[in-house]
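In the order they appear, the protein sequences are chains W and H. Using this note's numbering, read the first sequence as starting at 127 and increasing by one per residue. Using this note's numbering, read the second sequence as starting at 127 and increasing by one per residue. In this text, a Cβ means the ideal position worked out from N, Cα and C, and glycines have one as well. Note that this is a predicted model, so its numbers are computed, not measured.
2 protein chains.
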Amino acid sequence: MATNKRVYFFGDGQAEGKGDQKELLGGKGAGLAEMTQLGIPVPAGFTIVTEVCNEYYESGNTLPDGLRREMSEAMARVEAIFGLRFGDEANPLLVSVRSGARVSMPGMMDTVLNLGLNDRSVEGLAEATGNRCFAFDSYRRFIQMYGDVVLGVESEHFQKSLEEVKHAAGAAQDCDLDAAALESLIPRFKAIVEEHTGKPFPQDPQVQLLTAVSAVFSSWNNQRAKRYRKIHGIPGHWGTAVNVQAMVFGNRGEDCATGVGFTRNPSTGEHAFFGEYMVNAQGEDVVAGIRTPEPVNKIEGPGSLEERFPECYQQLLEIAARLEKNYRDMQDIEFTIQHGKVWMLQTRTGKRTGRAAVRIAVEQCEEGLIEEREAVLRIDPNSLDQLLHPTLDPKAAKTVLAKGLPASPGAASGKIVFHADDAERISKEGTKVLLVRVETSPEDIHGMYAAEGILTARGGMTSHAAVVARGMGTPCVAGCGALRIDLDAKQLHVGGKVFDELSVLTIDGGSGEVIEGDVPRIPADLSGEFGRVMEWADRYRRLKVRTNADTPEDAARAREFGAEGIGLCRTEHMFFGEDRIEAVRRMILAADEAGRREALKDLLPMQRSDFIGIFKAMDGLPVTIRLLDPPLHEFLPQEDSQIEALAQAMGVEFKTLKIKNESLHELNPMLGHRGCRLGITYPEIYEMQARAIAEASCEAAAAGVDVQPEIMVPLINHVKELEPLRAMIVRVLSEVQAEKGVKVDTLIGTMIEFPRACLTADKIAAQADFFSFGTNDLTQTTFGLSRDDAGTFLPEYVDKGIYPIDPFVSIDVDGVGRLVKMAIELGRGVKPGMKIGICGEHGGEPASVSFCHAAALDYVSCSPFRVPVARLSAAHAQLKQG
Amino acid sequence: MATNKRVYFFGDGQAEGKGDQKELLGGKGAGLAEMTQLGIPVPAGFTIVTEVCNEYYESGNTLPDGLRREMSEAMARVEAIFGLRFGDEANPLLVSVRSGARVSMPGMMDTVLNLGLNDRSVEGLAEATGNRCFAFDSYRRFIQMYGDVVLGVESEHFQKSLEEVKHAAGAAQDCDLDAAALESLIPRFKAIVEEHTGKPFPQDPQVQLLTAVSAVFSSWNNQRAKRYRKIHGIPGHWGTAVNVQAMVFGNRGEDCATGVGFTRNPSTGEHAFFGEYMVNAQGEDVVAGIRTPEPVNKIEGPGSLEERFPECYQQLLEIAARLEKNYRDMQDIEFTIQHGKVWMLQTRTGKRTGRAAVRIAVEQCEEGLIEEREAVLRIDPNSLDQLLHPTLDPKAAKTVLAKGLPASPGAASGKIVFHADDAERISKEGTKVLLVRVETSPEDIHGMYAAEGILTARGGMTSHAAVVARGMGTPCVAGCGALRIDLDAKQLHVGGKVFDELSVLTIDGGSGEVIEGDVPRIPADLSGEFGRVMEWADRYRRLKVRTNADTPEDAARAREFGAEGIGLCRTEHMFFGEDRIEAVRRMILAADEAGRREALKDLLPMQRSDFIGIFKAMDGLPVTIRLLDPPLHEFLPQEDSQIEALAQAMGVEFKTLKIKNESLHELNPMLGHRGCRLGITYPEIYEMQARAIAEASCEAAAAGVDVQPEIMVPLINHVKELEPLRAMIVRVLSEVQAEKGVKVDTLIGTMIEFPRACLTADKIAAQADFFSFGTNDLTQTTFGLSRDDAGTFLPEYVDKGIYPIDPFVSIDVDGVGRLVKMAIELGRGVKPGMKIGICGEHGGEPASVSFCHAAALDYVSCSPFRVPVARLSAAHAQLKQG
């Protein structure tokens, strides 16, 4: 079951393990072995391998036979190196016992430092080091950590006792205590242990060691670790390793220190050693924030390690360079300086911001450290969001009022308003506003355009507000259930406070936070490195990336971000313009087809000019235009006053209009009379749109634009729906092209967004030039889950691990993905090489893009600001495929 | 392409074709050939085979070479038999030219009678028959029919001219005209033809014949025929045959007659010759209703054929017996008596009511005419509905106001009321009421129970009203868009009339008609024959039939109808009882889990007693109980006044309750927070239900009842939803069984009602003892189609043939069916032999039952009144499988 060898020694330039044995040694253990072999000074020690963790659990929480012997052998080598003996009462070798899993699980598991001390050896240590204060401080720390980790005595009991002693001694900080005070703590701490465990504190160093090792293995299965693994998808059987290592001390005097650092700046990516340290302190003090640490690099401020320990600083620079050369990536390190000598305690690949990731990857590539492919792979596509949008200044203070869904990235501040009309009016006066709504509807579009940011109380990651905001690149926090909006009083109740209209709030669409007041922000910054990385990514990807855009402005912006066409142009957004909504409403409320045709005549020239604008912006690239999709009632006024006004404008009675309005109400509009169902029952609507597209493409082509229109019929379920609509479109195209004397090749395809379309895609393919998956609706119907209503339970589902991730965020491979694959297979089975893409919200999400790549789609289409993310994700998918 | 032989002669006991050659000869031609061979007197003639119809179309609407020669040869044999010559001017042989497709398409195609007459031969006919009146009547009929059918001159032109002549002659009826008047019509009719076609009426009988044959072929593709074929799924390539047959005349004097009949009574099934006839008339006169025909059988009334033509009647009885013996089924015949001699013109299997079908099948089986299996197959399962519910008296006059969907069969009359409360109150006073609503909700249940019938303006075949009404066996017309309900005025506007509350209306839930006043009805009548047939059906079926029932009463009734268990017991219906809705609302509106548990405590004993009642009614049979399914807002009051009352009862503020109420509102409740999603977020609800089931089953078992509970978790999508719920149920079951000291085997399974559940059924099966398909929701999600909202376009879809049939009525085999099969395969792949059923509305529809049989389901479950239909359908499926 286990390998024979359970314990791997490292120290003095020799290590039994290797850096690539993370599975066996854990991340920390592998790093220590690797550094040791590189000749970097690492305190000697040994790693008990991860497999022992499983043995430990399988045998009912006992350490396996023979482990003790292997540990003793390794310990003897450590003792030899240091010339000290573990358990020696005169001058004891002390050790740390640390967990170390295959991947970092920060703060999840436990550590014991200074192990090996007891009532007698503490005196020996005091004598040997000539530092009684240090010795007793080490002992009291040990009792506290061991008590907590191994014996389960809550830390606060010790802390309380410590505070009492400090109070009595008039000491402000722990380090202000003198040796006597520290010594006085020992019996108190031991009493606490005995009180809570019923047993005295163990004096035998061997017992201390074995129980500490057991405790670290046990901590693998504590609640917070299990929860962390569940969230991060880490299997329980991986287990943790345990590292036992000779202590070196950063707290043995003023020529001692401890610190953490990064081989490059993790915020900016700048190539400079970056970090912080503390003189005369132990590692845990830095974390605990007992004192404020000083910077490592003198550029960062006074009191730097560079100035105070110049030789050590040079040593660290050399070590950093050696580590980067070895690991070929930026490292996150921990070090201790003991009497002027640098010891390395940990190295691992450092986390970084998106900005830093891009700069580091490009510069490391230029330095010859990594290849272009690797540089591309180094950047987490999701992290690009930070580069494309303003972000909150991480240094700024903030009062978070509530948290909603991070629906559209970027941070924004503004005066709150509760109506789209107000947003438009007030922003025209030059005031920045945040639009706050229970939920948004297509009627709010003008207000959403005018606002700096959007905040809603209801709706999920793919609610109207979220989708539109992402499309516009406007920050949005959606589904913030803690908001209570009182429209009558024009007040927002949140976080126990009341905000009147025009109060200033800030939202962070990247985290979902709603914050009081105006929080400073860092603007977006598209550096040259960003362009380089995108260029490289494009070299390696197969999947095309298009954008979802409804206006020439959005189209142009998306093109700047690298979009290779429009995958989804929603014509309904054009219906809401001030100049057209009235004609749209006349059309909907007309008594008969003749009346509808009359109103449609007024809409035709407007639609035509919309399309011309978009064709021009996308000169030379394909433009997929979706025919009208939403149910008609979305275009109608909701409030009586608006209905009254419309009735007057149309010259009909209020009651007639009200009844007609109500008759269009639907119980489940998502599953209602929309998409091609409108095209079937009111063919004149689609006919007008087909004509507008045909006329626009002829006109643009005549003006020298390279037009590549693709007409997309939404919501097809059955080939017999597509058949008559396709025939109508073909007829209109040829009529218009004959009239204009211009020939424009136009594809006619369909969205695949309901399970039935997937299941019968072979039949539908006979009538379609292309497919485009609408994975939002496909997810809604496959799961029977309304994205607008899921807010009441979906977060709990994700929280409880029922769904690994919100299926509207990342495509559900087992269910939705299976239908997608089925449809591709059926469609291409009939039409080999058929063009197939995806235009749902998933098109800009890395894991979904990876799925799309693997499923052999031709393109993904996403909102303009997600285009770089999709480009990079597509490159990752290709490169990872190998 | 075609067989060599295109023309099949029949006459004088000899026929070239056979009765089983319907594909080649059409139904009529095959019947004529068969009768001829049986020695039954049939006027001689010949059939031009269906394949010629295709040749005709393929060659651009021309008759194929050689056909004319074959026709001439056959015509010569006809001439020889009659001793007359076609086209002879002295004494012409006249012929009829009739269509005859493989299956009957009543009234869809055309017929020409008396063909062969012209200006000269009409005189010859007058002389030869000594009946000038008859001769000219025949000629004018011929010009009119030929003009209409062959030349496309609308019949009304001739009709108008005929009316003028009748007016001038003072004749009330056609037959009152004398020879001179009839003769005067000829030039007028000929002028009409010339006026409309620009050509004179053709005088050449050969030309008349060939053009008439062509016209009949052409009529195969006229609009109404194509439409009929589309609706009935008849392929266009079948084509029609053409029958050319010597004329015999029922209008040549008082010893002549024409009639139609059935070998058994098609309404009651009584074994007696049944029909009507007309003296001195041609077949078309019976159809045209120019005079009222007399009965054939003297029991039916005076002036019968039995009394007036006793010998002919005897002949007809003998023929009827011979035909039944030959065809082994009841026949629908046409005959003509010419000068006292009976001629048969048609025989085909007769249509019949459900009542008649059952009686005929049983009696024919008893008579030894057919076997038991065939008797079972003879009965259309859908026709059983008529037996189980009262139907409108077909003889009663009725004023149809509007037509809605035939949502629940049976006819009902009553005073209309607009509120469920009124329905309950007024019916308690002994008055029969019809409940009229825009749409019903679970809140209306008590009123629906009280009403004789239910009428709604909105909602489809599986709307709440429809489903509940079918479950209760209450007639219902749903989605009648023509209704306008004015709740303020308590008035119903329909069919241009206004009905106050308590006006009497009648609805026919079998046809969807809404009728003014009280129309007499025929009560349901479960005859002994019905029982026999059901017994036989049970012998042949494999599929079990369960019922959907929520009360002991429904369960008992379903058991009488042969239900073999409950496949779906909806617990939510129990939540609406007067005594519990308040506790339910307290539970929903409670601020926390403790509050919910408090309210649930009050519900527990009521649920328990519900279940005990059902277990007793289903002693020895399985009972599948579904845990709470609908979204919670369905239980809340909708109107402010109700909310106010509840707020007072609960001692909370109106506004608080109103806001909470609104916060539960959902945009797409069908896809919202319901089913197991409630079980996940509010585990205490399902826990109470599990406990109630467990306690009830223990208590019933202790009382000697054979309890077979099956707990069904609704809306599962992901195995991880089922996992914790199953664990909870298992825990509660064992707790309760330990408390009570009784062991009851209880299955725990899930509904499969979303595509994702089908796609991952292998994983879900690991946690489920059984699956039950909820094909309503599965259809809604697979199609993205809300059954409540589909009314605005689904009828048009079916009408246009986009969907062959409403997918909520009959299961969509290509889409939904494919998912069902996939789920069965995946589920049984993991758990061989797993029990799988269906409990959606499709469970009682014959085609769907047939699908379920083929898909190897274990059972279907349907509303009590559909149980016999399902039993018979299941037998059909098995028997047809062979």
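Close Cβ partners of residue i (< 6 Å) along its chain, the five nearest in sequence each way excluded
| i | result |
| --- | --- |
| H/A128 | Interpretation of H/A128 is limited by its pLDDT of 44, a score under 50 that renders its predicted location unreliable; the figure taken from the coordinates is listed afterwards. Only E177 and E181 meet the Cβ criterion. |
| H/P748 | G691, Q834 and E836 |
| W/P326 | E320 |
Through-space distance from residue j to residue i, alpha-carbon basis
| i | j | result |
| --- | --- | --- |
| H/Q334 | H/G209 | 21 Å |
| W/M854 | W/G359 | 51 Å |
| H/A827 | H/R228 | 59 Å |
| W/L729 | W/F701 | 8 Å |
| W/I174 | W/K144 | 14 Å |
| W/D138 | W/V168 | 7 Å |
| H/M598 | H/D676 | 10 Å |
Partners in chain H for residue i, counting only beta-carbon separations shorter than 7 Å
| i | result |
| --- | --- |
| W/T255 | What W/T255 touches in chain H: nothing, since even the nearest Cβ is about 56 Å away. |
| W/R882 | T908, F909 and G941 |
| W/R944 | L885 |
| W/D903 | G910 |
Close Cβ partners of residue i (< 8 Å) along its chain, the five nearest in sequence each way excluded
| i | result |
| --- | --- |
| H/D664 | G688, R997 and A1001 |
| H/I648 | P516, T517, L518 and D519 |
| W/G638 | K529, G530, L531, P532, A533, V603 and C606 |
7 Å Cβ cut-off: residues of chain W touching residue i
| i | result |
| --- | --- |
| H/D914 | L793 and N794 |
| H/E847 | I928 |
| H/R132 | None at all; the shortest Cβ gap to chain W is about 35 Å. |
Identified DSSP bridge partners for residue i
| i | result |
| --- | --- |
| W/A604 | W/L531 |
| H/L581 | H/V562 and H/V603 |
| W/K926 | W/K926 pairs with nothing; no bridge assigned. |
| W/Q906 | For W/Q906, which the question treats as bridged, DSSP gives no partner whatsoever. |
| H/T1009 | Any property of residue 1009 of chain H remains undetermined from this structure, which presents chain H solely from 127 to 1008. |
Neighbouring residues, chain H, relative to residue i (Cβ below 8 Å)
| i | result |
| --- | --- |
| W/N843 | F909, G910, L911 and G941 |
Chain-order list of residues whose beta-carbon lies under 7 Å from that of residue i (same chain, five-residue window excluded)
| i | result |
| --- | --- |
| H/I505 | A483, V484, A487, V659 and L998 |
| H/E971 | V935 and S936 |
Interface partners of residue i on chain W, CB under 8 Å
| i | result |
| --- | --- |
| H/I806 | F919, E922, Y923, K926 and I928 |
Chain W residues whose Cβ lies nearer than 9 Å to that of residue i
| i | result |
| --- | --- |
| H/R353 | Ordered by position in chain W, no residue passes the 9 Å Cβ test against H/R353, which lies about 16 Å from the chain. |
Examine the Cβ distances between the region 204 to 220 of chain W and the region 344 to 357 of chain W and report whether three or more of them are shorter than 8 Å.
-> No, the region 204 to 220 of chain W does not touch the region 344 to 357 of chain W.
Are the region 932 to 943 of chain W and the region 902 to 912 of chain W in contact at 8 Å, needing three or more beta carbon pairs?
-> Contact holds: three or more Cβ-Cβ distances are below 8 Å.
At least three beta-carbon pairs within less than 8 Å, the region 576 to 584 of chain W to the region 506 to 519 of chain W = Contact between the region 576 to 584 of chain W and the region 506 to 519 of chain W is absent, because fewer than three Cβ pairs lie under 8 Å.
Does the region 537 to 546 of chain W come within contact of the region 625 to 636 of chain W, defined as at least 3 CB pairs closer than 8 Å?
-> Result yes; three or more Cβ-Cβ pairs closer than 8 Å.
Could you say if the region 747 to 764 of chain H and the region 697 to 711 of chain H meet the contact criterion of at least three C-beta pairs nearer than 8 Å?
-> Segments in contact, yes.
Report yes or no: do three or more beta-carbon pairs, one from the region 370 to 381 of chain W and one from the region 461 to 475 of chain W, lie closer than 8 Å?
-> Yes, since at least three Cβ pairs between the region 370 to 381 of chain W and the region 461 to 475 of chain W fall closer than 8 Å, the two stretches touch.
Any contact of the region 884 to 902 of chain H with the region 840 to 856 of chain H, i.e. 3+ C-beta pairs under 8 Å?
-> Taking 8 Å as the limit for Cβ pairs, the verdict is that the region 840 to 856 of chain H does touch the region 884 to 902 of chain H.
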